[in-house]
Amino acid sequence: MDDFTYDKLKKKIFLDRGFDLDKYGQDYVKRRLNARMMVLNIKRDDWASYLKVIEHNIVEYVPLFDAFSVNVTEFFRDITVWQSLRDTFFPQVIAERRQYRPASLRIWSAACSSGEEPYTIAIILKEILPADVTLSIIATDIDDDALQKAAHGVYYRESLKNLEKNYPGWFKKYFTMVSQPVDPAGAITNHTEKFQIADEIKRMVAFKRHNFLIDRAPSQMDIIFCRNVMIYLAAPVKDTIMDMFSNALAPHGMFVVGKSEIIFLGRGKDYFYPVDAREHIYRKDRRLVGQSVYPPVVERRKDADDQKKPV
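Using our numbering, read the sequence shown as starting at 2 and increasing by one per residue.
Here's what the structure looks like:
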């Protein structure tokens, strides 16, 4: 393996597009690069040949960046996480926020891909949020195509299977079939039926392009979701991300990560403590356990970037 050319390739990508592959685990980087190179009939680990491709064809950066996008998602992914949030932790945070006037709830879905996660959040809160609480859901990603799909709000039935199975009433209430084409064999399947999400749910989410590795984060978030992303990042970058998410959270804010992600191997242990270790749901500042973390009813400071949306 030519490490010199591999490093040269990474440097070229960074200088051309500001995309720092050293922020990711290198095994993951090489798998993604090799997957793209295979499409171009380039031998495995032939970094020199791929370097020539991007030197002579800047359009190659489009499929290359797509190869690094993490877009495998669905509504109510890991259903027990959402059941725990619906039954316990959303009501808990809502009760805390109602100690403020005006009562508001701010949520950030980071690396939201094509919108399944923030729309899942919106559906649950549409059902349980009291009328006196104003809601803001910010959903961000670096993939423009994924954000466009999210804003459009049309999904294959396959990505809705957990919702349809566990909350059939919500499925019928918030989704309308818009097409029922057949596959090449003439069959109608979960991969051919498409459903449009209701406008009342779409209006609850504000989608933005944002790279949380380099862009300024929103602030005073009550809950942050960053699920199934950090497993792809290098250890030093994870520590930086823990700093950023901790700073973005309001005091005693909630942090939800993926079921396969562990935040206590680095700096995460300095900022968060588990409130549901099985479902990987955390709170900021474990020193506050057992303490009264909110004062009596007060006026809550409004940030300039606070985009509030009534439910």
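Ideal Cβ placement from N, Cα and C applies to all residues, glycine included.
Cβ neighbours of residue i in the same chain (closer than 7 angstroms, five flanking residues each side left out)
i    : result
D21  : F15
L289 : The predicted model places L289 with a pLDDT of 41, which falls under 50 and marks its position as unreliable; any figure quoted below should be read in that light. The residues are H253.
L148 : D142, F208 and R210
M231 : K239, I242, V258 and E262
Y25  : Y233, L234 and A235
D3   : W48 and A49
T6   : W48, A49 and L52
Q292 : Low confidence applies to Q292: its pLDDT is 40, below 50, so where it sits in the model is not reliable enough to give any reading.
Contact under 8 angstroms by Cβ, residue i with residue j
i    : j    : result
A123 : I138 : yes
P65  : L10  : For the sequence presented, residue 65 should be read as Leu rather than Pro. Not in contact: L65 and L10 (Cβ atoms no closer than 8 angstroms).
A249 : P219 : yes
A152 : Y175 : no
V276 : F76  : no
V54  : L41  : yes
K285 : Y272 : yes
F196 : Y156 : yes
K127 : I202 : yes
W171 : L164 : yes
K150 : S115 : yes
I80  : I224 : no
Rounded Cβ spacing between residue i and residue j (contact assumed at less than 8 angstroms)
i    : j    : result
L106 : R98  : 5 angstroms
M222 : L136 : Not a contact, Cβ separation roughly 12 angstroms.
D17  : N35  : Actually they do not touch by this definition, with Cβ atoms about 20 angstroms apart.
H211 : T121 : Not really, about 19 angstroms apart at Cβ, beyond 8 angstroms.
E118 : F226 : 6 angstroms
F69  : R102 : In fact, because the Cβ distance is near 44 angstroms, the residues do not count as touching under 8 angstroms.
A278 : F213 : About 24 angstroms; that fails the 8 angstroms criterion.
Sequence-distant residues of the same chain with beta carbon closer than 6 angstroms to residue i, five excluded per side
i    : result
V82  : E280
N229 : G259
Residues sharing a beta bridge with residue i, DSSP
i    : result
L234 : Y25
S180 : K195
F226 : S110 and V257
K209 : T141
Cβ neighbours of residue i in the same chain (closer than 8 angstroms, five flanking residues each side left out)
i    : result
I95  : L106, I129, L130, P131 and V134
K44  : M38 and S50
P92  : I129
I125 : W83, L86, R87 and F91
Distance cut-off 7 angstroms: residue i Cβ against heavy atoms of the ligand FMN
i   : result
N42 : The ligand FMN is not part of this structure, which contains no ligands at all.
Checklist entry - Of all the beta strand (DSSP E) runs that stay within the bounds of the stretch 240-287, which reach a length of 3 or more residues? => result 250-258, 273-277 and 282-285
Checklist entry - Which parts of the stretch 57-122 are runs of the beta strand (DSSP E), unbroken and 3 residues or longer, counting only runs that do not cross its ends? => result 105-110
Item to check | Segments assigned alpha helix (DSSP H), at least 4 residues, entirely inside the stretch 125-176 | outcome: 145-153, 162-167 and 169-175
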